[in-house]
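Q: In the numbering used here, the protein residues as written are 1 to 306.
Where is the CB? At the ideal position from N, CA and C, for every residue including glycine.
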């Protein structure tokens, strides 16, 4: 949406300029995915550093002697520390030392070891793969994502990280689910790398088609703007409606319901408080009329919820 908006508000820029911006945006999502895994790893690896400090004490306490490093053998953390494909991806981001000496790691570590779920994990003598996955998910949701300083850190490194957060967290959840003896980063058909490539291809096609159909779609939308002056409707709202229409007709594998939900959510994030209901109403009425006229043809996954 931002690329279409920026292009249509510019006076002499070429579409290729904004396609490059799309590429940068997709690359940023890929880097955020890799970096978030790095953050998980570094918080847990703090256990190893603290263990070394405790072991080197001249007069260690009983607590020091009984300090647990169990989580370091967690299969997922082990993979993040040893998987060559992941190390290569992390190095390529140029962010592999971003957390070196950063006090936020220690703060997140202290928050983690103080939780009941962490204590339960290290006290459990026999853990299975389900327990191993659960502790990582709890660290993500209850430690990283609940810490305002960590979110502020992400804001500094990835200024638009919240736009990519849902995609990245879904991919990390899928990674945790699939990884057992190896880190499933770039291996199977549904890998994140392939999804990133598909996202770029989809975004580029959507950008081109939204621009191509502009005059046609504006003309089609106008009859549905009862009691609204088309000149007074925000540019953002019109772009969101045009994008929805383009997905209806030119992306047969995307279910109509998915398109509706996607652009209603976009309206919440980028437009005025009233825009959500306005955009939902316009798209819903147009969708129903277009289906009656057989202008929306879906195939495969696009038939879901039909």
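I'd like the list of long-range same chain contacts for residue 294, defined as Cβ closer than 7 Å, with 5 residues on each side in sequence excluded.
A: none
Q: In chain order, which alpha helix (DSSP H) runs of at least 4 residues are fully inside the segment 143-168?
A: 148-157
Q: Does DSSP put residue 190 in a helix, in a strand, or in coil?
A: Reliability of the predicted coordinates at residue 190 is poor, the pLDDT of 44 falling under 50, and no value is obtained from them.
Q: So, for residue 301: in the same chain, excluding its five sequence neighbours on each side, which residues have a beta-carbon less than 8 Å away from its beta-carbon?
A: 253, 254, 255
Q: Under a three-way DSSP split, which group does residue 179 fall into?
A: In this structure, DSSP gives residue 179 a state outside helix and strand, which the three-state scheme calls coil.
Q: Below 8 Å, how does it come out for the segment 279-286 and the segment 239-251: are there three or more Cβ pairs, yes or no?
A: yes
Q: Over what stretch of residues does the alpha helix (DSSP H) that includes residue 251 continue unbroken?
A: From DSSP, residue 251 is part of no alpha helix (DSSP H); its letter is neither H nor E.
Q: Using only the alpha-carbon positions, how far apart do residue 8 and residue 209 sit?
A: If you take the alpha carbons of residue 8 and residue 209, they lie about 14 Å apart.
Q: Quick one: using the 10 Å Cβ neighbour count with 16 as the cut-off for buried, is residue 74 buried or exposed?
A: Residue 74 should be labelled buried.
Q: Which class does residue 90 belong to by DSSP, given the choice of helix, strand or coil?
A: helix
Q: If you compare alpha carbons, which of 228, 27, 262, 138 is closest to residue 43?
A: 138
Q: Around the Cβ of residue 166, are there at least 16 other Cβ atoms within 10 angstroms (buried) or fewer (exposed)?
A: exposed
Q: From residue 299 to residue 66, what distance separates their C-alpha atoms?
A: 60 Å
Q: Check each candidate in 199, 197, 270, 39 and name the one with the smallest Cα separation from residue 97.
A: 39
Q: Would DSSP call residue 106 helix, strand or coil?
A: helix
Q: Taking C-alpha atoms, which residue in 128, 140, 160 lies nearest to residue 169?
A: 140
Q: Quick one: what's got a C-beta closer than 7 Å to residue 258's C-beta in the same chain, skipping five residues either side?
A: none
Q: Please look up how many angstroms separate the CB atoms of residue 157 and residue 35, rounded, as I've assumed it's under 8 Å.
A: Indeed, because the Cβ distance is near 7 Å, the residues count as touching under 8 Å.
Q: Please classify residue 95: does DSSP put it in a helix, a strand, or coil?
A: coil
Q: Is the segment 116-126 close to the segment 146-161, with three or more CB pairs under 8 Å?
A: no
Q: Can you find the residues in the same chain that come closer than 7 Å, C-beta to C-beta, to residue 190, ignoring five residues on each side of it along the sequence?
A: Because residue 190 sits at a pLDDT of 44, beneath the cut-off of 50, its placement in the model cannot be relied upon, and the following sentence gives the value as read from the coordinates. So no residue of the chain qualifies.
Q: Which residues mark the beginning and the end of the alpha helix (DSSP H) in which residue 258 is found?
A: 256-270
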